[in-house]
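**Student:** One structure, as structure tokens, below. Some questions next.
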Amino acid sequence: MKQGEIDVDTINYEQFVAVDMRVGKIVKVEYNEKAKKPAYKLWVDFGGEIGVKQSSAQVTELYSPQALQGKLVVAVVNFPPKIVAGFKSEILVLGVPNDEGKVLLLSVDDNPPLGSRVF
Numbered sequence: 001m002k003q004g005e006i007d008v009d010t011i012n013y014e015q016f017v018a019v020d021m022r023v024g025k026i027v028k029v030e031y032n033e034k035a036k037k038p039a040y041k042l043w044v045d046f047g048g049e050i051g052v053k054q055s056s057a058q059v060t061e062l063y064s065p066q067a068l069q070g071k072l073v074v075a076v077v078n079f080p081p082k083i084v085a086g087f088k089s090e091i092l093v094l095g096v097p098n099d100e101g102k103v104l105l106l107s108v109d110d111n112p113p114l115g116s117r118v119f
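1 is the number of the first residue of the sequence shown in the working numbering; add one for each residue after it.
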């Protein structure tokens, strides 16, 4: 089965739960001057158990730093950290492309507790 250009295989439930997706709140945003493509440095608070984690995100086309501040997002929190344009990225904030291919961040309604797991 194909979805866009990516091969998509069927997974089982154990594989799904191995991807730890949580709700967090963006608490700090800075422009990453070292990035080849425009990107922000994000600090996302997942509450007590996980705390604040960092991520690099190429979402400058649709979001200003002010619009991101306080935004609830969904992120994968169990990737190994890597350095992206000189910045330690510890999580993957999830998004989807709009009709123009620009990234829309996945968010949630209301106010779930920070660190709530996606299931």
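Where a beta carbon is used, it is the ideal one built from N, C-alpha and C, also for glycine.
All values derive from a computational prediction rather than experimental measurement.
Return the chain-ordered list of same chain residues with a C-beta closer than 7 Å to the C-beta of Leu114, the five sequence neighbours on each side being excluded.
**Tutor:** Start at 1 with the first residue of the sequence shown, and residue 114 comes out as number 114. Excluding positions up to five away in sequence, the list reads Val23, Gly24, Lys25, Asp45, Phe46 and Gly47.
**Student:** Taking Cβ positions only, does Asp109 come closer than 8 Å to chain B?
**Tutor:** Going by chain labels, chain B is absent from the structure shown, which holds only one protein chain.
**Student:** Run the CB neighbour count on Lys2, radius 10 Å, all protein chains shown included, and call it buried at 16 or more, exposed below.
**Tutor:** As a first step, residue 2 is located in the sequence shown; it is residue number 2 there, counting from the start. At Lys2, the pLDDT of 48 sits below 50, so the modelled position is not reliable; the number obtained from the coordinates is stated separately. Burial call: exposed.
**Student:** Report buried or exposed for Val17, applying the criterion of at least 16 other Cβ atoms within 10 angstroms of its Cβ.
**Tutor:** Within the sequence shown, residue 17 is the residue found at index 17, counting from 1. With fewer than 16 other Cβ atoms within 10 Å, it is exposed.
**Student:** Could you tell me which residues DSSP pairs with Pro80 in its beta bridges?
**Tutor:** Stepping through the sequence shown from its first residue, residue 80 is reached at position 80. In the DSSP output, where bridge partners are listed per residue, Pro80 has none listed.
**Student:** Taking the alpha-carbon of Asn111 as reference, which of Val96, Phe87 and Lys71 has the nearest alpha-carbon?
**Tutor:** Here residue 111 refers to the residue found at position 111 when the sequence shown is read from its first residue. Measuring from the Cα of Asn111, the nearest candidate turns out to be Lys71.
**Student:** With a threshold of 16 other CB atoms inside 10 Å of the CB of Glu30, please say whether the residue is buried or exposed.
**Tutor:** Residue 30 sits at position 30 when you count from the first residue of the sequence shown. So Glu30 counts as exposed.
**Student:** So the candidates are Thr60, Gly95, Trp43 and Val27; which of them puts its Cα closest to the Cα of Ser107?
**Tutor:** Residue 107 sits at position 107 when you count from the first residue of the sequence shown. Taking only the C-alpha atoms, the option nearest Ser107 is Gly95.
**Student:** Helix, strand or coil for Gly115 per DSSP?
**Tutor:** Counting from one through the sequence shown, the residue named residue 115 turns up at place 115. Coil, per DSSP.
**Student:** By Cβ distance below 8 Å, which residues in the same chain neighbour Ala85 in space, the five residues on each side in sequence not counted?
**Tutor:** Translated into the one-based positions of the sequence shown, residue 85 becomes position 85. Counting only Cβ-Cβ distances below 8 Å, and skipping sequence neighbours, we find Asn32, Lys34, Ala35, Lys36, Ala39 and Ser56.
**Student:** Which whole-angstrom value describes the C-beta separation of Leu62 and Lys102, a residue pair presumed to lie in contact below a C-beta threshold of 8 Å?
**Tutor:** Within the sequence shown, numbered from 1, the residue matching residue 62 stands at position 62. Within the sequence shown, numbered from 1, the residue matching residue 102 stands at position 102. About 5 Å separates the two Cβ atoms, so the contact holds.
**Student:** Looking at the secondary structure, which residues open and close the alpha helix (DSSP H) in which Ile49 lies?
**Tutor:** Residue 49 sits at position 49 when you count from the first residue of the sequence shown. Position check: residue 49 holds Glu in this sequence, whereas Ile was assumed. No alpha helix (DSSP H) holds Glu49; DSSP gives it neither H nor E.
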